[in-house]
Amino acid sequence: MSSIKLSGGESSSAGGVSVRELTRLERIGAHSHIRGLGLDDSLDPRRTGSHGMVGQAKARRAVGVIYRMINEGKVGENYLV
Numbered sequence: 001m002s003s004i005k006l007s008g009g010e011s012s013s014a015g016g017v018s019v020r021e022l023t024r025l026e027r028i029g030a031h032s033h034i035r036g037l038g039l040d041d042s043l044d045p046r047r048t049g050s051h052g053m054v055g056q057a058k059a060r061r062a063v064g065v066i067y068r069m070i071n072e073g074k075v076g077e078n079y080l081v
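For the sequence shown, UniProt numbering gives the first residue as 1, with consecutive numbering after it.
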């Protein structure tokens, strides 16, 4: 039988797996089909093979530009936040 105890922010246990771990796994599972931004080398959104990303072409391109700038060392990660 599983013990469920929710008090003071403690994670409960159900069969040896905490609720916190289950929530984390569910979040990962919901987005596990996304493998990339679906951009080609020139940062243009692909029409096919978009790695699970659908729509938001301008936003994907913007993230691709920022990602490339970070990788090239032109801007630090903390600066963008």
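Backbone N, C-alpha and C define an ideal beta-carbon position, used for all residues, glycine too.
Arg-68 - containing alpha helix (DSSP H), residue span: Run containing Arg-68: 57-71, per the alpha helix (DSSP H) assignment.
With a cut-off of 8 Å on the beta carbons, I'd call Gly-73 and Leu-37 a contact; round off their distance for me. Gly-73 to Leu-37, Cβ: 20 Å. No contact.
From Glu-21, Leu-39 and Thr-23, residue whose alpha carbon lies closest to that of Arg-61: Looking from the CA of Arg-61, the closest CA among Glu-21, Leu-39 and Thr-23 belongs to Leu-39.
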